[in-house]
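Protein chains in written order, with the working numbering: chain A, -8 to 666; chain B, -13 to 241.
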Amino acid sequence: MNKFFYGKLAFGNLRKNGRLYLPYILAAVGIGAMYYIMVALTGDKGIEKMPGGGDLKMIMGLGCGVIMIFAVIFLFYTNSFLMKRRKKEFGLFHILGMEKKHIGKMMFWETCMVGSLSIAGGLAGGILLYKLVVLALLRITGLDVPFGFTVSGAGIANVAVCFAIVFAMTLVYNLFQVRKANAIELLHSANHGEKEPRTRWILALLGVAALGIGYWIAIVTEDPVSTLLLFFVAVLLVVFGTYFLFTAGSIAVLKIMRKNTKYFYRTKHFISVSGMIYRMKQNAVGLANICILSTMVLVMVSGTVALYAGVEDIINNRYPKDFALTEYGVRSEEEKEALKGMFLQSLEENGLAVEDSVEYTSLAVTVWKSKEVLRIEKPGAMATPEGEISILEMITLDEYNRQENQQRELAEDEIFVSVRQGDENEQAYSINGRNFRIKEYLKDFDMEGLDGNVIYDGYFVVVKDIQVLEELNEMQREIYGSSASSRDYHMYADVSGTDEQLKNCAVRLEELVDGYNQGRAEEEHLAVRLAVKEEQREGFMIFCGGFLFLGIFLGFVFLMATVLIIYYKQISEGYEDKERFEIMQKVGMSPREVKAAIHSQILKVFFLPLVMACVHLTMAFPMMNRLLLLFNMKNPGLFAACTVSVVGIFAVIYGIVFGITARAYYRIVGEKSRG
Amino acid sequence: MAILEVNNVKKIYTTRFGGNQVQALTDVSFSVEKGEYVAIMGESGSGKTTLLNILAALDKATSGLVMLNGKNLSALRDSEVSAFRRENLGFVFQDFNLLDNFNIQDNIFLPLVLAGKNYNEMRVRLMPIAEKLGIKAILGKYPYEVSGGQKQRAAVARALITNPQLILADEPTGALDSKAAESLLSQFQEINGAGQTILMVTHSTQAASRAKRVLFIKDGQVFHQIYKGSSTNEEMYQKISDTLTVITTGGGKHE
């Protein structure tokens, strides 16, 4: 036998099955290209040297992992589709006299061809697109380092090896499948008598319960920090719930529909409901996959878009002024004055003029607030104290009068309160039994919102004098022990000057602060911190831009997968439905009715995942909003707008893909079987 | 009164790449009276299936006239064809053509559902038919759960439930074992006895011997026909075999 026999045979097979293999290869090329780009970005020398490049590398590393895991799952999934369709062909070869080892040889060649084509295409695409992607990345993150046209050797090796392994694994899987089956099974495996699926009520109820709890967690969890942890729990619950619901719940619902004879025995419902019952068993998992992938795309892209769109908000929330200098744990007035002097002098030396400044010394204490009762209490391992977690930032009346140029008076048990976020209805506070009357709620308060906290409720409290403050300080120190807060000195300033001056000054100040901190290093967690808005802005742009980039990039990968799964579903369903619709036409169904029935059925089946994904997204919205708070983004309106536009774009793409593949489906169903 | 009239029907296929023309039916004429039970016999390639497709309005004759119940089939508009077929014809196929995703009852209901009948009426129509065909017990089962004979009886029920003018059966015993075939043929006779007109295409002598009349097709023409009259099934069987022998061994002489 010619030694190229199997190769030729394999090549012929691939060509004959072009309608199945082309999308598979294209998808593998796409994922390969994406993976190459990610790997190359991670190892890019140019990016590494940039400020914030480390963060960017970390984010891209995350992307690499996600894409690789995804590539494995996805290639296996589509491969199983292909195998299902091709088993008949293998059975025929077997009956015509090929032994399993010959079929194995043929499959080996096929995999080699598909694999090398995919890897080569992926690398070519990746290398060509790399420059474009880098430019996009730089634009998004606001960086401006020129790059040449680079080719990453490590990237090429990584892609080639990883994908070769994945393809080898699919080959092993396929060989195993063929080995297991006998010829007759192979011949008939594409259309053996499907049993009607049983209704699995327990699974359906479990699905509903899992979804319900997932949603409930997403909506009810108020505390953003526990949100982060519970988010994963909620995501897992929703994922399981979706699978259960699609596999068991859908069948339960359809069977209830079938029981209703008035509804069921109408041409449209008769054919679509029974078709869906029949179809759900084999396709429920596919639909659940589409639903989950779609949700992932939507959550990721809308989240990162919102983060990027809100980056100014975030920076202004977190760094209200150009410079922020904080001394944690004030030891003496002299030292505080020295620090302030050092700060102002550096500004002056670098030619920066102070436009506006605020300074105060405050004690910030965490309390659990329920109405008028404020508790300073150490949370237990299992239970948190009752009430809303709130930050109470306290200053003395002297500080207040000096900063605001006021001459106001307070009695021993009187306070002023300024509410940043929280209730404004109480007449008095009782802090661990110590009672204060609220003399007035302050408006237009200069020191407001400088701490950058948008997560928890916050109250600014002005007490009579340092004695009252110390009294409360003692109280919290006794209770919180080592985790108690200290009285801190804050200095915020807006300045005017050139970017150059600002940059120089920032560098100088950082040196000074470092020196200062070294001098008092022994003292636990007491230190001076400096935050320069401009520098932070750069960091945030890289951070948010990096995430946006990753979001869109991965969104694209997932979208591609969704598209492909839809395509394969349509194609394989087309082959299955062909016969059924032929029979129905013989019995007296008109082609128009056939088309209408097909349309109503596919429409229901395919837009179900999208609708479900939108429900998931709606339920996840409050939780995502709270997660964004962790990034200091507090703008539900902007986030909602981003989400709605992302969903809109996604729906349009989904619709287009649906239209294209539905046409392929009609073509298959409409083909004459004889001839 | 003739329910079906076929006059000088001719069918020519053109192969896909132009070129060759294949004449499937040369010149076919016959008629079927109401209440008749006619079998059409012929070898593979004789044009049986083509004829049946034309009678079923699945295909159109190149020339000639097919009148079913006074209506010219080739004059039907595309939009009318399906409804016409549903209302006037019942089909029984060799491979049953039941749908796997419906149970037996819903398979039988299919043409009625397509015609927009309500559930209660369908039940009323189904019961006597299911009783007569002995499939009452399997109505709730799925096609893959019952035997070939049961499947074919379900298909017969599906054909009968619309009260069609004519039942077209294409090789109905082809996929059945001899016992199931025998019992199906008896049921056909019973149904015919109740006044149902049946036209059956077959190459089984056993099946054809039950019909009241047998038409033989060869090379796209009606070659010969035999009336059963008062002959027994066995005598009819003998007559058919003799005719088939003549057809295969020499042709023409008989006329």
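Just so it is clear, CB atoms sit at the ideal spot from N, CA and C, and this is done for glycine as well.
- Just so you know, the alpha carbons of V321(A) and V452(A) end up roughly 19 Å apart.
- For E303(A), no beta strand (DSSP E) segment is defined; the enclosing uninterrupted segment is the alpha helix (DSSP H) at 302 to 309.
- Cβ proximity to chain B below 8 Å picks out R571, I574, M575, Q576, K577, V578, G579, M580, S581 from the stretch 565 to 581 of chain A.
- Approximately 5 Å separates the beta-carbon atoms of L620(A) and I446(A); this is inside 8 Å, confirming the contact.
- Secondary structure in the stretch 511 to 593 of chain A: the alpha helix (DSSP H) runs of 4 residues or longer, each lying completely within the stretch, are 524 to 578 in chain order.
- A direct Cα-to-Cα measurement between Q458(A) and I386(A) gives close to 11 Å.
- When C-beta atoms of the stretch 285 to 299 of chain A are compared with those of the stretch 486 to 502 of chain A, fewer than three pairs fall below 8 Å, so the two segments do not count as touching.
- With respect to S285(A), Q592(A) sits apart: the two C-beta atoms are not nearer than 7 Å.
- The continuous alpha helix (DSSP H) containing D64(B) extends over residues 64 to 74.
- Using a Cβ-Cβ cut-off of 9 Å, K253(A) is close to N104, Y105 of chain B, given in chain order.
- Using a C-beta cut-off of 8 Å, the stretch 20 to 39 of chain A makes contact with the stretch 122 to 133 of chain A, since at least three inter-stretch Cβ pairs fall below that distance.
- As for any beta strand (DSSP E) of minimum length 3 sitting wholly inside the stretch 107 to 195 of chain B, the runs are 152 to 156, 183 to 188, ordered along the chain.
- Beta-bridge pairing by DSSP links M27(B) to T188(B), F202(B).
- Contact between G198(A) and G144(A) is absent: CB atoms are separated by about 48 Å, not below the 8 Å threshold.
- The alpha-carbon of N106(B) is positioned some 28 Å away from that of S65(B).
- As computed with DSSP, H210(B) is found in a beta bridge with F202(B).
- Chain-ordered listing is empty here: chain A has no CB closer than 8 Å to the CB of D45(B), the nearest sitting near 11 Å.
- For G44(A), there is no enclosing beta strand (DSSP E); the enclosing alpha helix (DSSP H) covers residues 44 to 86.
- Under the Cβ criterion of 7 Å, N55(B) is not counted among the residues facing chain A.
- Contact between the stretch 48 to 55 of chain B and the stretch -11 to -4 of chain B is established, with three or more Cβ pairs separated by less than 8 Å.
- Within the same chain, C282, S285, T286, L289 come within 7 Å of A604(A) by CB-CB distance, once the 5 residues on both sides are set aside.
- In this structure A243(A) is buried. Its beta-carbon is surrounded by 16 or more other beta-carbon atoms within 10 angstroms.
- Think of a sphere of 7 Å around the beta carbon of R72(B): the chain A residues whose beta carbon falls inside it are G579, in chain order.
- Residue contact with chain A for L96(B): present (Cβ-Cβ distance below 7 Å to some residue of chain A).
- Between the stretch 641 to 650 of chain A and the stretch 19 to 27 of chain B, the count of Cβ pairs shorter than 8 Å is below three; the stretches do not touch.
- Within the same chain, Cβ atoms closer than 6 Å to the Cβ of T190(A) are found at I242, A243, K246, the five residues on either side in sequence being excluded.
- For Q418(A), no alpha helix (DSSP H) segment is defined, and its DSSP state is neither H nor E.
- With respect to chain B, the C-beta atom of Y269(A) has a partner C-beta closer than 7 Å.
- A direct Cα-to-Cα measurement between C633(A) and S487(A) gives close to 34 Å.
- Note on D568(A): 16 or more other CB atoms within 10 angstroms of its CB, so buried under the neighbour-count rule.
- Secondary structure at V321(A): coil, using DSSP grouped into helix, strand and coil.
- Around K272(A), the same chain offers P188 as residues with beta carbons nearer than 6 Å, after the five sequence neighbours per side are excluded.
- Scanning S217(B), K198(B), Y223(B) for the CA closest to the CA of Q192(B) turns up Y223(B).
- When DSSP states are grouped into helix, strand and coil, Q394(A) belongs to the helix group.
- Within the DSSP bridge table, the entry for N616(A) names no partner.
- V99(B) belongs to the set of residues whose beta carbon lies under 7 Å from a beta carbon in chain A.
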